[in-house]
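Written out below as structure tokens is the structure these notes cover.
In UniProt numbering, the protein residues as written are 1 to 387.
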């Protein structure tokens, strides 16, 4: 279309832009035409067929550019919807990538030769995480992600659950505590009893919920679908009437056809099609890219009427990780002659903030705790070295 339009407008020969417009009609119109014919076989009339008829009508009255533009608008609507849906799916399927593909399962007999080669050690086997079943025991070493939702039966560790809860601090897990697939075991080996199939994990259910949301229809779309059939029938009836009345009054065929086709083109519901799901799906995809999962298109549409929002989770409005903003040294007392801090000179000069930060970073440099990492990161940003 973009190639044919300038050629047409600049007066180029029809043999140059004609085949290009024809390609637009074929590539963009065949699928709506098939959908419209299927609907017609079921004794329904939809806007897809109307669009194709209007485009062909425009071509029949010598306005191929208008017909091609109609097809481009409808095809763009479908493409936008497909892209938005795919982006939404990609953004939430990224959650599934958090769950490991493999897991270390302890064999049912519980005895054999372990991975360390010692006879009598618990027998371990590496299996696909999707093969885990409720009741299986899996071993999760430090630094590994948990392969399935389950309950800790042995071991103590700190698990990073930020991918599920948004909480930046690791959570201590003792025997009897619940753990989730895709979360990261930071310290201590854990033996976990699988409670749910991997396909039914919390992460999998979140993904399924968002994918279902992309298939739900907002109230506006449901309303448009309810009136679409009546609108289509009314539009066809009006077009036939606009053609038949002038013919009955003695108008020539070409002028009556031109008037009827012009009406059909103008009345084609392009704006209605573009104003429903594509904007909602685009908004849901954009929210997904920013870590916000929308439960349904209904919720997305209702957001326009929300006046206040209550948020109860760490990481929802924040970045989810601690960061050093200020270093505020406490004032100290000046020492007296005996080395005590209550001499006559009163308070001493507070220590230098950069010196304190450098000392704290030196103490925390090997720490894996989020606060320790925040302190070392702040010292690194200020290019501080331990004194």
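Ideal Cβ positions, reconstructed from N, Cα and C, are used throughout, including at glycine.
Item: Does the beta-carbon of residue 145 have 16 or more other beta-carbons within 10 angstroms, so that it is buried, or is it exposed?; Value: buried
Item: My parser needs the beta strand (DSSP E) runs of 3 or more residues fully inside the UniProt domain "P-type ATPase A" (123 to 211); what are they?; Value: 124 to 128, 137 to 140, 150 to 154, 157 to 160, 171 to 173, 184 to 187 and 190 to 194
Item: If you reduce the DSSP assignment to three classes, tell me which class residue 102 lands in.; Value: strand
Item: Taking 9 Å as the threshold (C-beta atoms), are residue 235 and residue 50 in contact?; Value: yes
Item: May I have the straight-line CA-CA distance separating residue 178 from residue 143, to the nearest angstrom?; Value: 18 Å
Item: Give the DSSP-derived three-state secondary structure of residue 294 in the structure shown.; Value: coil
Item: Who are the near neighbours of residue 58 in its chain, counting only those whose CB is closer than 6 Å to its CB and skipping five residues on each side?; Value: 66, 67 and 265
Item: How would you label residue 385, buried or exposed, when you count the other beta carbons within 10 angstroms and need 16 or more for buried?; Value: exposed
Item: Quick one, are the C-beta atoms of residue 149 and residue 180 less than 9 Å apart?; Value: yes
Item: Do three or more CB pairs link the segment 124 to 140 to the segment 193 to 200 at distances below 8 Å?; Value: yes
Item: Any idea if residue 13 is buried or exposed, counting beta-carbon neighbours within 10 angstroms, 16 or more meaning buried?; Value: exposed
Item: Going by CA-CA distance only, name the one from 373, 151 and 351 that's closest to residue 361.; Value: 373
Item: Quick one: Cα of residue 154 to Cα of residue 200, how far?; Value: 23 Å
Item: With a threshold of 16 other CB atoms inside 10 Å of the CB of residue 120, please say whether the residue is buried or exposed.; Value: Its pLDDT being 48, under 50, residue 120 is placed unreliably by the model, and the measurement read from it follows with that caveat. Residue 120 comes out exposed.
Item: Might you give, ordered along the chain, the residues of its own chain that have their beta carbon closer than 7 Å to the beta carbon of residue 324, omitting 5 neighbours on each side?; Value: 374, 375 and 378
Item: DSSP on residue 63, reduced to helix/strand/coil?; Value: coil
Item: Determine whether the beta carbon atoms of residue 239 and residue 263 lie at a separation below 9 Å.; Value: yes
Item: Taking residue 42 as part of the alpha helix (DSSP H), name the residues at either end of that continuous run.; Value: Where residue 42 is concerned, there is no enclosing alpha helix (DSSP H), given that its DSSP letter is neither H nor E.
Item: Excluding five sequence neighbours on each side, which residues of the same chain lie with their C-beta closer than 6 Å to the C-beta of residue 158?; Value: 170, 172, 186 and 187
Item: Within 10 angstroms of the Cβ of residue 219, are there 16 or more other Cβ atoms? Answer buried if so, exposed if not.; Value: exposed
Item: Once the 5 residues before and after residue 256 are set aside, which same chain residues still bring their CB inside 7 Å of it?; Value: 243, 246 and 247
Item: Taking residue 233 as the reference, give the member of 140, 267 and 202 with the closest Cα.; Value: 267
Item: Please confirm whether residue 100 and residue 182 have their CB atoms less than 9 Å apart.; Value: yes
Item: For the alpha helix (DSSP H) containing residue 6, list its first residue and its last residue.; Value: 4 to 9
Item: What number of angstroms, rounded off, separates the C-alpha of residue 205 from the C-alpha of residue 353?; Value: 48 Å
Item: Nearest-angstrom Cα distance between residue 328 and residue 357?; Value: 10 Å
Item: Hey, out of 6, 363 and 78, whose CA is closest to residue 28's CA?; Value: 78
Item: Among 53, 365 and 102, which residue has its Cα nearest to the Cα of residue 380?; Value: 365
Item: Take the Cβ of residue 10 as the centre, count every other Cβ of all protein chains shown within 10 Å, and call the residue buried at 16 or more, exposed below.; Value: exposed
Item: Considering only the alpha carbon of each residue, which of 202, 292, 128 and 198 lies closest to residue 164?; Value: 202
Item: At which residues does the alpha helix (DSSP H) containing residue 357 begin and terminate?; Value: 353 to 364
Item: If we ignore side chains and look at the alpha-carbon of each, how far apart do residue 389 and residue 296 end up?; Value: The chain is shown from 1 up to 387; residue 389 falls before or after that span and cannot be answered.
Item: On a CA-only basis, which of 124, 41, 303 and 19 is nearest residue 280? Give me that one, please.; Value: 303
Item: Just the C-alpha distance for residue 259 and residue 82, rounded to the nearest angstrom, thanks.; Value: 35 Å
Item: At the level of alpha carbons, what is the spacing between residue 54 and residue 3?; Value: 22 Å
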